[in-house]
Amino acid sequence: MSWTGRLQCTAAFKNGRTVILDSYGEGALKLMRPVYLDPAHPTLYVVHVGGGYVDGDFYQMEMTLQPDARLMVTTQSAAKIYKTPSTPVRQYTRFSLGERSVLECFPDPTIAYEHARFYQETMVYITPSSTFVYGEIITPGWSESGELFRYDWIRSKLKVYQDEALVLFDHLYLDSRQHLTSMLQLGGYTHVGSLVALSPFITKEVLEQFNKFMEEMPQEVRCGFSAAAVPGFSVRILAYETSAIEAIFQRVQQFIRQQCGEEALVCWRKY
Amino acid sequence: MTDQQLLWLLQLSDSNFPSGAFSHSFGFETYMYHEQIRDAKTFGDALVVYIQTQLTYTDGLACRIAYEQLEADRMEGLKRLNETLFALSLAKETREGTRMMGERLWKLCRDIYGVDELDEIVQTTRSIHPTIVFAAVGRKIEASKRTTVLTYLFTAVQTMVQNAVRGIPLGQTDGQKLLVIVQPYLIHAASIIETLDEEELGAAAVGLEIAQMQHERLPVRLFMS
Numbered sequence: 000m001s002w003t004g005r006l007q008c009t010a011a012f013k014n015g016r017t018v019i020l021d022s023y024g025e026g027a028l029k030l031m032r033p034v035y036l037d038p039a040h041p042t043l044y045v046v047h048v049g050g051g052y053v054d055g056d057f058y059q060m061e062m063t064l065q066p067d068a069r070l071m072v073t074t075q076s077a078a079k080i081y082k083t084p085s086t087p088v089r090q091y092t093r094f095s096l097g098e099r100s101v102l103e104c105f106p107d108p109t110i111a112y113e114h115a116r117f118y119q120e121t122m123v124y125i126t127p128s129s130t131f132v133y134g135e136i137i138t139p140g141w142s143e144s145g146e147l148f149r150y151d152w153i154r155s156k157l158k159v160y161q162d163e164a165l166v167l168f169d170h171l172y173l174d175s176r177q178h179l180t181s182m183l184q185l186g187g188y189t190h191v192g193s194l195v196a197l198s199p200f201i202t203k204e205v206l207e208q209f210n211k212f213m214e215e216m217p218q219e220v221r222c223g224f225s226a227a228a229v230p231g232f233s234v235r236i237l238a239y240e241t242s243a244i245e246a247i248f249q250r251v252q253q254f255i256r257q258q259c260g261e262e263a264l265v266c267w268r269k270y
Numbered sequence: 000m001t002d003q004q005l006l007w008l009l010q011l012s013d014s015n016f017p018s019g020a021f022s023h024s025f026g027f028e029t030y031m032y033h034e035q036i037r038d039a040k041t042f043g044d045a046l047v048v049y050i051q052t053q054l055t056y057t058d059g060l061a062c063r064i065a066y067e068q069l070e071a072d073r074m075e076g077l078k079r080l081n082e083t084l085f086a087l088s089l090a091k092e093t094r095e096g097t098r099m100m101g102e103r104l105w106k107l108c109r110d111i112y113g114v115d116e117l118d119e120i121v122q123t124t125r126s127i128h129p130t131i132v133f134a135a136v137g138r139k140i141e142a143s144k145r146t147t148v149l150t151y152l153f154t155a156v157q158t159m160v161q162n163a164v165r166g167i168p169l170g171q172t173d174g175q176k177l178l179v180i181v182q183p184y185l186i187h188a189a190s191i192i193e194t195l196d197e198e199e200l201g202a203a204a205v206g207l208e209i210a211q212m213q214h215e216r217l218p219v220r221l222f223m224s
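Those protein sequences? They're chains A and B, same order as listed. Mapping the first sequence onto numbering that gives the first Met the number 0, position 13 (from 1) lands on 12, and the numbers just tick up by one. Mapping the second sequence onto numbering that gives the first Met the number 0, position 44 (from 1) lands on 43, and the numbers just tick up by one.
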């Protein structure tokens, strides 16, 4: 199968810091030179060199963290999915996390425009000692008529395997033809945020702290969170705008860092 | 269908069948608490979407796949399905509630229907999803795949209605009327389920998922999930 963009990278921990061993991007996907927002651990920006994702686009990404490596990954801009008259846009991502490695990945929102169809599959392989934090936002793009939800559908699967057992499977399917406005679905909201944090640092005590930490939520969002089957939690947010979800993501990320004994919060957003 | 099959299915789908389902609202109580579900109309609307989402893409499709795996004696596939179903449940209460129901249903069906095909899965994973037990019973009594799936859908909906009668509350007659109203939706769902790809398994109803998560922290609760 021919791809539109492909990207691969391996991070390793050497002499007290994380280094990028090999990385390459081909086609429409590129990796910018690592930025050291944290002096010991790089942040990677994934860049899409085209203006957006169009009919039949096919993307592959693979990131491997060797033991003790610590990496932050984000994108340079939102992923804009345009109409896909014949073939949906597909994106396959694979993260492999070695022992004690830490991956924090917060891509910019995915914006699906009129008649867009988008299939995304993210496979994650972790060990009991790795930390995986991933936040994703899906939003509708404005259509010419000004109506929201003119995309056809978005299917996003996130599967996390720990020692070959499937421990978490987040399967989001938003189909504009199927009662998206029902309260069982988006209930009038437009933006969906999903965050997963799995880490041995998230103990029962930390989860109790997290409950308190999440008590005060802004009125304009609907937010749920719950403990995962392995140490960690998932958060699901419905909102009217991206910034409301990002604000919660940032708070959660800050909380995790405090609990994991990390120093100051790195602000990596671009605005 | 033979008379005996009919009697087995009637027993299995009876709301007094002690599967433990009557203790779980699977997130619906959160909507009741916030009065988004407050009468037969609001509950009925939600129930229809519940049938078209959660019951179709997760429980119903899983029941069909389980039936097919059992038919082909693919225990590895069945094990993977069981693992997938638990991984799909992001809300802890729902996950634990399902685990308890599955165990209870398995013990009961092992006793009364002699379903023993699932022993190995239960012993190695210590949890079994109720829909898989249901599929195994369907196979055991030689009900067709479609009949098994439809019975499962009806049973799930009937429990939700009984819970709504207690939780909202609704009149018993309103509850029974709802069971008639949803009939075409159940039949349609059974047909859709036959056509679904296995890759569609588990497509979540996002709002319901949040309601299931929020249920853990409701100040007053009638149900365990």
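The beta-carbon is built from N, C-alpha and C at its ideal position, and this holds for glycine as well.
Problem set entry | N-terminal and C-terminal residue of the alpha helix (DSSP H) that B/F222 is part of | Locating residue 222 of chain B in the second sequence gives position 223, where the first residue counts as 1. Looking at the DSSP string, B/F222 is not in any alpha helix (DSSP H), and its letter there is neither H nor E.
For this session: Using the Cα positions of A/A263 and A/T17, report the straight-line distance between them to the nearest angstrom.
Result: Here residue 263 of chain A corresponds to residue number 264 of the first sequence, with the count starting at 1. Here residue 17 of chain A corresponds to residue number 18 of the first sequence, with the count starting at 1. Only weak support exists for where A/A263 lies, its pLDDT of 44 falling under 50; the value from the coordinates is given anyway. Those two C-alpha atoms are separated by around 18 Å.
Problem set entry | Start and end residues, beta strand (DSSP E) containing A/V101 | Here residue 101 of chain A is taken as the residue at index 102 of the first sequence, counted from 1. Boundaries of the beta strand (DSSP E) harbouring A/V101: V101 to F105, taken from the DSSP string.
Exercise. For the beta strand (DSSP E) that A/R89 lies in, which residues bound it at each end?
Worked result: In the first sequence, residue 89 of chain A corresponds to position 90, counting from 1. From DSSP, the beta strand (DSSP E) with A/R89 extends over V88 to L96.
Exercise. A/M31: buried (16+ other C-beta within 10 angstroms of its C-beta) or exposed?
Worked result: For the purposes of this step, residue 31 of chain A is taken as the residue at position 32 of the first sequence. Counting Cβ neighbours within 10 Å, A/M31 comes out exposed, since fewer than 16 surround it.
Problem set entry | Under 7 Å by beta carbon: chain A residues contacting B/T154 | The residue given as residue 154 of chain B occupies position 155 in the second sequence. In chain order: nothing, as chain A lies at least about 20 Å away.
For this session: Compute the Euclidean distance between the alpha carbons of A/G24 and A/T63, then round it to the nearest angstrom.
Result: Residue mapping note: residue 24 of chain A aligns to position 25 of the first sequence, counting from 1. Residue mapping note: residue 63 of chain A aligns to position 64 of the first sequence, counting from 1. Cα to Cα, A/G24 sits roughly 14 Å from A/T63.
Exercise. How many angstroms separate the CA atom of A/P230 from the CA atom of B/P17?
Worked result: Position 231 of the first sequence, counting from 1, holds the residue named residue 230 of chain A. Position 18 of the second sequence, counting from 1, holds the residue named residue 17 of chain B. Computed Cα separation, rounded: 32 Å.
For this session: Pair every Cβ in the segment 142 to 153 of chain A with every Cβ in the segment 13 to 31 of chain B, then say whether three or more of these pairs are closer than 8 Å.
Result: Contact annotation: the segment 142 to 153 of chain A does not touch the segment 13 to 31 of chain B, with fewer than three C-beta pairs closer than 8 Å.
Problem set entry | Host beta strand (DSSP E) of A/G26 (start-end) | Indexing the first sequence from 1 puts residue 26 of chain A at position 27. In the DSSP assignment, A/G26 falls within the unbroken beta strand (DSSP E) covering R16 to G26.
For this session: Identify whether A/A263 lies in helix, strand or coil by the three-state DSSP scheme.
Result: Within the first sequence, residue 263 of chain A is the residue found at index 264, counting from 1. At A/A263 the pLDDT is 44, less than 50, meaning the model places this residue with poor confidence; the figure from the coordinates comes in the next sentence. In the structure shown, A/A263 sits in coil (DSSP, three-state: anything other than H, G, I, E or B).
Exercise. Apart from the five residues on each side of it in sequence, which residues of its chain come closer than 6 Å, Cβ to Cβ, to A/G4?
Worked result: Residue mapping note: residue 4 of chain A aligns to position 5 of the first sequence, counting from 1. G26, A27, L28 and Y58.
Exercise. Among A/Q257, A/G134, A/V48 and A/P84, which residue has its Cα nearest to the Cα of A/G55?
Worked result: The count along the first sequence starts at 1 and reaches residue 55 of chain A at position 56. The shortest C-alpha separation from A/G55 is found at A/P84.
Problem set entry | Segments of 4+ residues assigned as alpha helix (DSSP H) that fall wholly inside the segment 89 to 124 of chain B | Whole alpha helix (DSSP H) segments, 4+ residues: 91 to 112 and 118 to 124.
Exercise. Along chain A, in chain order, which residues have C-beta atoms closer than 8 Å to that of B/F85?
Worked result: For this step, residue 85 of chain B is matched to residue 86 along the second sequence. B/F85 reaches chain A at A228, counting residues in chain order whose Cβ is nearer than 8 Å.
Problem set entry | Distance, B/L11 Cα to A/R93 Cα | Here residue 93 of chain A refers to the residue found at position 94 when the first sequence is read from its first residue. Here residue 11 of chain B refers to the residue found at position 12 when the second sequence is read from its first residue. Taking the straight line from one Cα to the other gives about 43 Å.
Exercise. Listing by chain order, which chain B residues have their CB less than 9 Å from the CB of A/H190?
Worked result: Counting from 1 along the first sequence, the entry for residue 190 of chain A is found at position 191. Near A/H190 there are no residues of chain B at all, since even the closest Cβ is about 11 Å away, more than 9 Å.
For this session: Look up B/A202 in the DSSP assignment and say whether it is helix, strand or coil.
Result: Mapped onto the second sequence, residue 202 of chain B falls at position 203. In the structure shown, B/A202 sits in coil (DSSP, three-state: anything other than H, G, I, E or B).
Exercise. Leaving out five residues before and five after A/Q75 in sequence, what residues of the same chain have Cβ atoms less than 8 Å from its Cβ?
Worked result: Along the first sequence, read from residue 1 onward, the residue named residue 75 of chain A stands at position 76. Listed in chain order, the non-local C-beta contacts of A/Q75 below 8 Å within the same chain comprise M31, Y44, V45, V46, H47, D107 and K269, local neighbours out to five positions each way being set aside.
Problem set entry | Alpha-carbon to alpha-carbon, B/Y32 and B/V219 | As a first step, residue 219 of chain B is located in the second sequence; it is residue number 220 there, counting from the start. As a first step, residue 32 of chain B is located in the second sequence; it is residue number 33 there, counting from the start. Looking at the two C-alpha atoms, the distance is approximately 8 Å.
Exercise. Can you tell which of B/L84, B/R125 and B/F42 has the C-alpha that lies nearest to the C-alpha of B/Q175?
Worked result: Residue numbering aside, residue 175 of chain B sits at position 176 when the second sequence is read from its first letter. The residue with the shortest Cα to Cα distance from B/Q175 is B/F42.
Exercise. Mind checking B/P168: buried by the 16 CB within 10 Å criterion, or exposed?
Worked result: Residue 168 of chain B sits at position 169 when you count from the first residue of the second sequence. Classified as exposed, B/P168 has fewer than 16 neighbouring CB atoms from the shown chains inside 10 Å of its CB.
For this session: Please name the residues in the segment 182 to 215 of chain B whose beta-carbon is closer than 8 Å to at least one beta-carbon of chain A, in chain order.
Result: Here the close residues are E199, L200, G201, A202, A203, A204, V205, G206, L207, E208, I209, A210, Q211, M212, Q213 and E215.
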